[in-house]
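To keep things clear, I will list the structure first and then write my remarks on it.
Residue numbers (our numbering): 125 to 413.
Right, here's the structure in full:
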């Protein structure tokens with residue numbers, strides 16, 4: 125645990141970057157998140173970050189791809205062209221190519237997983253759920269299939285089934301950072317801040333330099349009432365990415381707490397370990413149960 129001097133140094137390091145970040149936020153027309161009821165909204169865009177990596181890129185270059193008739197294109201060519209189109213932001217073409225891949229090889233799990241991710245990007249969540257469910261049925265040991273299915277289930281409004289499916293993905297791979305993050309985001313969006321702390325604390329323990337994980341953990345801690353601990357996570361996130369406007373605003377909202385000398389209320393490293401032990405101590409739930 126950090127002592128008072130180390131914590132002060134971290135806050136001061138973060139503060140040195142706040143003016144620039146807050147200036148950017150101001151000119152972008154971003155308002156401070158002062159209402160605790162808005163905490164869940166402050167992390168909403170992170171859900172799509174992992175499952176739609178192409179969308180997270182600042183710029184993509186659209187490159188024409190060959191459009192040979194499907195009868196003249198092999199399964200492997202369809203799959204490769206579909207992934208290339210996805211990387212170039214050509215979602216319609218990517219979907220068409222991967223659909224053809226699935227028709228030619230209905231048992232190819234990666235085709236179904238990536239098709240489901242593309243369908244999520246295109247806003248067709250029920251179709252994405254069906255493709256991801258088929259992938260998970262074909263390969264019950266695929267954490268990626270279960271993670272993608274959980275996202276699709278959440279997007280069609282099946283929260284309990286989505287959470288159970290994330291548990292299955294994590295039982296397969298307890299160190300799946302994106303399942304931990306996305307599971308916690310779903311809990312945050314439903315106001316279950318205390319429950320979100322464990323998975324996010326474990327995600328941060330696995331990848332302490334991930335700004336999204338740090339910021340989301342801070343949001344969960346603040347929502348659960350652990351404001352000093354939340355401030356420290358926002359400070360850590362601000363140190364990693366000084367120009368992140370959302371992190372800057374979260375830090376700014378709580379920075380006044382740095383002067384009262386209060387101690388961190390919880391040890392998130394312990395909570396992360398406890399969550400992992402609890403998860404691995406029981407078999408996964410049946411998502412359809």
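Note that beta-carbon positions come from the ideal geometry of N, C-alpha and C, so glycine has one too. Bear in mind the structure is a predicted one, so any value in this text is a computation, not a measurement.
* Taking buried to mean at least 16 other C-beta atoms within 10 Å of its own C-beta, is residue 279 buried or exposed? -> Numbered from its first residue, the chain shown carries residue 279 at position 155. Buried, by the Cβ-count rule.
* Asked: How many Å lie between residue 347 and residue 205 at the Cα?
  -> Residue mapping note: residue 347 aligns to position 223 of the chain shown, counting from 1. Residue mapping note: residue 205 aligns to position 81 of the chain shown, counting from 1. Going by the C-alpha atoms only, they are around 44 Å apart.
* Asked: Which residue from 338, 354, 381, 367 puts its Cα closest to that of residue 361?
  -> Sequence index remark: in the chain shown, residue 361 carries index 237 (1-based). It is 338.
* Three-state secondary structure assigned by DSSP to residue 214 -> For the purposes of this step, residue 214 is taken as residue 90 along the chain shown, with counting starting at 1. Of the three classes helix, strand and coil, the one that applies to residue 214 here is coil, per DSSP.
* What does a CB cutoff of less than 8 Å around residue 378 pick up in its chain, not counting 5 residues either side in sequence? -> Translated into the one-based positions of the chain shown, residue 378 becomes position 254. Same-chain partners within the cutoff: 346, 351, 354, 355, 358.
* Rounded to whole angstroms, how far is the Cβ of residue 364 from the Cβ of residue 333, which I believe are closer than 8 Å? -> Start at 1 with the first residue of the chain shown, and residue 364 comes out as number 240. Start at 1 with the first residue of the chain shown, and residue 333 comes out as number 209. For a cut-off of 8 Å, the C-beta gap from residue 364 to residue 333 is around 6 Å, short enough to register as a contact.
* **Coarse secondary structure for residue 179, derived from DSSP in three states** => Looking up residue 179 in the chain shown gives position 55. The predicted position of residue 179 is uncertain, since its pLDDT is 39 and thus under 50; no value can be drawn from it.
* Own chain, CB closer than 7 Å to residue 231, minus 5 neighbours either side, in chain order -> Here residue 231 refers to the residue found at position 107 of the chain shown. Within the same chain, residue 231 has close Cβ partners 262.
* Tell me whether the beta-carbon of residue 325 lies closer than 7 Å to the beta-carbon of residue 272. => For this step, residue 325 is matched to residue 201 along the chain shown. For this step, residue 272 is matched to residue 148 along the chain shown. Taking the C-beta atoms as reference points, residue 272 is found no nearer than 7 Å to residue 325.
* What are the complete alpha helix (DSSP H) segments, minimum 4 residues, inside the region 287 to 348? -> Counting whole runs of 4 or more residues, the region 287 to 348 contains the alpha helix (DSSP H) stretches 301 to 313, 317 to 330, 335 to 347.
* Three-state secondary structure assigned by DSSP to residue 414 -> The structure shown does not extend to residue 414, since the chain is modelled only from 125 to 413, so the question has no answer here.
* Asked: For residue 253, which of helix, strand or coil comes out of DSSP?
  -> Position 129 of the chain shown holds residue 253. Helix.
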